[in-house]
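Participant: Next up is a structure, given as C-alpha cells.
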C-alpha cells in the first residue's frame, strides 16, 4: 500500500500519483467498494483500509480503532477505548482534504434538502450479524455519528407519525447484500465561529474531514431474550439501585441491592435528600461535580452532613423504560409502615422521574404511602421536552454527548458515553422500538403535553417547594470545539438552550410552571453536563436544600 503524504494542494502517493479529486456535483469510484458522490462541494479524497478489514468483527482484537481515531485530532485517546469495549472495530477511513462548499449551500440540518451540501458515501453492507456506522471527525475535533439513509428515513417517518420499523427485536433488517449509503452534511465556512476572534472555518470546512467506517457485532442474545439491544444492555449494566451515599463514594459503582426498606425505615425520622440523574448517566457520572471541593456552595460531604447521613443516590436505566417505571421501582423500596419525607435533587430526565415520585397517583399504584416531597429541584430538566429526543434527532443527541465526553473528567464521563455508544449501535441497525425512556422527552409525544396540562395549580400542585435551574449556553473563551457544537445544535432549538434542553422548557411547560427559576448568568452559562461544577449553581443549591433542620 502506498504511503500518503499531505502536500499543500492535495495528496499524492509515494510514486507521485494523484489522489482522486471529488468534483462539485461529481462522483468517484474508490477502492474497496467505496463510491463517493458530492452535492454542492468539492474535495480531495482517499480511502485507507484498516489492517483487519474483511475479517469478522468478533474475530478482531481491540486496539486498532483507538489507533485509527488517535490520528483524528486526539479523538482516539478518550473515545477509542470506550467504542472498542462496545465491540466496535475499524473497516476503513476516508480522509477528505480541501473541502470547499459552493456559495449558498447549507448543510446544517441532518435532513438533506435540495439546498444542502453533502457527500454521499456508498459502501458494502456488513454481514447479517453485524452493523456499521460512520464516525465523522472534522478539523476542530468535532465528532458526528452517521447512520445510513434508510435508517434516517425510518426515523423521520416515526417522528412524523408513520408506521413503526419492521425490526422490533434488536435484529437488523435484511439487506440482501446491497450497499449501504451514508450522507454526510457539510457546513459552509463562517467568518466568526462565536469565539470572538474572527477565525474562519467553524467546523474545519475548507480544511479537513475524516470519515471512519466502523462495524460492530449485533447482540443475538438480546433477540433470543425478546429484548431490543439497548434494553438488554441496560438490564445488565444500568439496573435500578438505591444506596446511601458517603462522602467518598459518589464516584463508586453501586453494589447490587443497595439499601433496603428496613434501613430506610430506621432513618425515616428525618428527611432524605435523593439524587436522581439524567439520560445516559449514573449517580457517579451525573453528580461528580458535587464531589469537587471548594466550588462555591456545598458539595456532597457538606450535604451528607446537612442531612445527617441521609443522602440517597438513585441509579436507574434511562433509555428503555419510562420515567414512571423508574419512579415505581423507587417507591416500592420505601417503607410501607411510616411516612417518608424527601428532598429531590434532579438532573435532566431525572426531573421527570422526580415528578412521578411526587405524584400521589403513582405511589397509590405502587401500593405504598405517598412520600412527603418537601423540595423538588429541576436542574436542566426537559419538562417541556427537547427536540433532540425526537427519533429523527437522536443522532444529534448522540453527537452532543459524544463531544461533551471529551470535556468531562475521564472516569465519571466514561459511564455516560458507554450508554451513548449502545444507543448508536441500536439505531444503526434500524431498530427504533424499546426506547420509551427517550420518547418520554419528545415534544411530539402526546404524553408530554398531557402530563403538563394536568398541573392546573402549577408545579407546586404535587410537591412542596419546586425550584428550577436552567442555562442558555453561549460559547466563550475561544473554545472552537464548543463553538462548533453550539452552532450544530442551535438551529434545531431556535431558542436558548444548554446544548441538550431548551432553557425556557425547564421552568415553563404549559400548566407546569416553576416560579422564580434561577438562570445561570449568560457570561457564565454552563452546558447541560456541567451544572454541578458551577459555583453559582452550587451556591443556589445551598440556599434551597435545608437539610434535616428544614
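Residue numbers (the UniProt record's numbering): 1 to 550.
Yeah, the Cβ is synthetic: ideal placement off N, Cα and C, and Gly gets one too.
Using 8 Å as the threshold, is the segment 351-358 in touch with the segment 114-129, meaning 3 or more CB pairs across them?
Facilitator: Taking one beta carbon from each stretch, the segment 351-358 and the segment 114-129 have fewer than 3 pairs nearer than 8 Å; the two do not touch.
Participant: Does the distance from the CB of residue 25 to the CB of residue 95 come in under 8 Å?
Facilitator: For the purposes of this step, residue 25 is taken as the residue at position 25 of the chain shown. For the purposes of this step, residue 95 is taken as the residue at position 95 of the chain shown. One thing to note: residue 25 has its Cβ no nearer than 8 Å to the Cβ of residue 95.
Participant: Run through the DSSP bridge pairs and tell me what residue 44 is partnered with.
Facilitator: Locating residue 44 in the chain shown gives position 44, where the first residue counts as 1. BP columns for residue 44 point to 21 and 97.
Participant: Under 8 Å, with one C-beta from each stretch per pair, do the segment 427-444 and the segment 307-324 reach the 3-pair mark?
Facilitator: yes
Participant: With DSSP as the reference, label residue 507 as helix, strand or coil.
Facilitator: As a first step, residue 507 must be located in the chain shown, where it is residue number 507. It is coil, neither helix nor strand.
Participant: How many angstroms separate the CA atom of residue 68 from the CA atom of residue 84?
Facilitator: Numbered from its first residue, the chain shown carries residue 68 at position 68. Numbered from its first residue, the chain shown carries residue 84 at position 84. Between residue 68 and residue 84, the C-alpha separation is close to 11 Å.
Participant: Across the segment 353-367 and the segment 287-299, are there enough close Cβ pairs to call them in contact, namely three or more that are closer than 8 Å?
Facilitator: no
Participant: With H, G and I counted as helix, E and B as strand and the rest as coil, what does DSSP make of residue 172?
Facilitator: The residue you call residue 172 lines up with position 172 of the chain shown. Note on residue 172: pLDDT 46, under 50, position unreliable in the model; the coordinate value appears next. Reduced to three states, the DSSP call for residue 172 is coil.
Participant: In whole angstroms, give me the CA-to-CA distance for residue 538 and residue 299.
Facilitator: For this step, residue 538 is matched to residue 538 along the chain shown. For this step, residue 299 is matched to residue 299 along the chain shown. Computed Cα separation, rounded: 7 Å.
Participant: Alpha helix (DSSP H) containing residue 306: first to last residue?
Facilitator: In the chain shown, counting from the first residue as 1, residue 306 sits at position 306. Taken as a continuous stretch (DSSP letters only), the alpha helix (DSSP H) holding residue 306 covers 300-306.
Participant: Under three-state DSSP, which class holds residue 167?
Facilitator: One-based indexing of the chain shown puts residue 167 at position 167. Note that residue 167 scores 44 on pLDDT, short of 50, meaning its location in the model is unreliable and no value can be drawn from it.
Participant: In chain order, what residues of the same chain lie with their CB nearer than 6 Å to the CB of residue 371, ignoring the 5 residues before and after it?
Facilitator: Start at 1 with the first residue of the chain shown, and residue 371 comes out as number 371. These residues qualify, in order along the chain: 340 and 342.
Participant: Over the uninterrupted beta strand (DSSP E) stretch that includes residue 37, give me the two end residues.
Facilitator: Sequence index remark: in the chain shown, residue 37 carries index 37 (1-based). Where residue 37 is concerned, the enclosing beta strand (DSSP E) stretches over 35-39.
Participant: Taking the beta strand (DSSP E) that residue 122 falls in, what are its first and last residues?
Facilitator: Here residue 122 refers to the residue found at position 122 when the chain shown is read from its first residue. Here the beta strand (DSSP E) through residue 122 covers 118-123.
Participant: Rounded to the nearest angstrom, what separates residue 243 and residue 90 at their Cα positions?
Facilitator: Here residue 243 refers to the residue found at position 243 of the chain shown. Here residue 90 refers to the residue found at position 90 of the chain shown. Near 39 Å, if we compare the C-alpha coordinates of residue 90 and residue 243.
Participant: In chain order, what residues of the same chain have a beta carbon less than 7 Å from the beta carbon of residue 81, not counting five sequence neighbours either side?
Facilitator: To locate residue 81, count along the chain shown from 1; it is residue 81. Result list for residue 81: 66, in chain order.
Participant: Go ahead and label residue 260 buried or exposed: buried means 16 or more other beta carbons lie within 10 angstroms of its beta carbon, across all protein chains shown.
Facilitator: Counting from one through the chain shown, the residue named residue 260 turns up at place 260. Result: exposed.
Participant: Grouping DSSP H, G and I as helix and E and B as strand, with all else coil, what is residue 207?
Facilitator: For the purposes of this step, residue 207 is taken as the residue at position 207 of the chain shown. In the structure shown, residue 207 sits in coil (DSSP, three-state: anything other than H, G, I, E or B).
Participant: When DSSP labels each residue in this structure, what does residue 497 get in the three-state scheme?
Facilitator: Numbered from its first residue, the chain shown carries residue 497 at position 497. If DSSP states are grouped into helix, strand and coil, residue 497 belongs with the strands.
Participant: What do you get for residue 270, buried or exposed, if any count of 16 or more other CB atoms within 10 angstroms of its CB means buried?
Facilitator: In the chain shown, the residue the question calls residue 270 occupies position 270. Its Cβ having fewer than 16 others within 10 Å, residue 270 is exposed.
Participant: With a 10 Å radius around its C-beta and 16 neighbouring C-beta atoms as the bar for buried, classify residue 406 as buried or exposed.
Facilitator: Position 406 of the chain shown, counting from 1, holds the residue named residue 406. By the neighbour-count rule (16 or more Cβ atoms within 10 Å), residue 406 is buried.
Participant: Taking 6 Å as the limit between beta carbons, can you name the residues of its chain near residue 306, skipping five residues before and five after?
Facilitator: Residue numbering aside, residue 306 sits at position 306 when the chain shown is read from its first letter. Hits under 6 Å: 547.
Participant: If we count the other Cβ atoms within 10 Å of its Cβ and call it buried at 16 or more, is residue 389 buried or exposed?
Facilitator: Here the question's residue 389 lines up with position 389 in the chain shown. Taking all protein chains in view, the Cβ of residue 389 is crowded by 16 or more other Cβ atoms within 10 Å, so the residue is classified as buried.
Participant: Within 10 angstroms of its Cβ, does residue 534 collect 16 or more other Cβ (buried), or is it exposed?
Facilitator: Counting from one through the chain shown, the residue named residue 534 turns up at place 534. Answer is buried; the Cβ neighbour count reaches 16.
Participant: Buried or exposed, going by whether 16 or more other CB atoms sit within 10 Å of the CB of residue 51?
Facilitator: As a first step, residue 51 must be located in the chain shown, where it is residue number 51. Taking every protein chain shown into account, the CB of residue 51 has fewer than 16 other CB atoms within 10 angstroms, so this residue is exposed.
Participant: Count the other C-beta atoms from every protein chain shown that fall within 10 angstroms of the C-beta of residue 61, then say buried if there are 16 or more, exposed otherwise.
Facilitator: Numbered from 1 along the chain shown, position 61 holds the residue referred to as residue 61. Classification for residue 61: exposed.
Participant: Over what stretch of residues does the alpha helix (DSSP H) that includes residue 536 continue unbroken?
Facilitator: The sequence position of residue 536 within the chain shown is 536, counting from 1. Its alpha helix (DSSP H) spans residues 535-544.
Participant: Please classify residue 213: is it buried, with 16 or more other beta-carbons within 10 angstroms of its beta-carbon, or exposed?
Facilitator: Walking along the chain shown from the start, residue 213 turns up at place 213. When all chains shown are included, residue 213 counts as buried.
Participant: In the DSSP output, which residue or residues are listed as bridge partners for residue 551?
Facilitator: As shown, the chain starts at 1 and ends at 550. That puts residue 551 outside it, with no answer to give.
Participant: Which whole-angstrom value describes the C-beta separation of residue 502 and residue 495, a residue pair presumed to lie in contact below a C-beta threshold of 8 Å?
Facilitator: By one-based count along the chain shown, residue 502 stands at place 502. By one-based count along the chain shown, residue 495 stands at place 495. Confirmed, about 6 Å.
Participant: So, residue 125 versus residue 160, is the Cβ gap smaller than 8 Å?
Facilitator: Indexing the chain shown from 1 puts residue 125 at position 125. Indexing the chain shown from 1 puts residue 160 at position 160. Not in contact: residue 125 and residue 160 (Cβ atoms no closer than 8 Å).
Participant: What does a CB cutoff of less than 7 Å around residue 77 pick up in its chain, not counting 5 residues either side in sequence?
Facilitator: Taking the chain shown and counting its residues from 1, the one referred to as residue 77 is at position 77. Around residue 77: 70.
Participant: Pull up the distance between the alpha-carbon of residue 216 and that of residue 320, whole angstroms please.
Facilitator: To locate residue 216, count along the chain shown from 1; it is residue 216. To locate residue 320, count along the chain shown from 1; it is residue 320. Going by the C-alpha atoms only, they are around 21 Å apart.
Participant: Judging by CA-CA distance, which residue of 229, 359, 402 and 383 is the nearest neighbour of residue 514?
Facilitator: The residue you call residue 514 lines up with position 514 of the chain shown. The shortest C-alpha separation from residue 514 is found at 383.
Participant: Run the CB neighbour count on residue 483, radius 10 Å, all protein chains shown included, and call it buried at 16 or more, exposed below.
Facilitator: Residue numbering aside, residue 483 sits at position 483 when the chain shown is read from its first letter. Buried, because 16 or more other Cβ atoms sit within 10 Å of the Cβ of residue 483.
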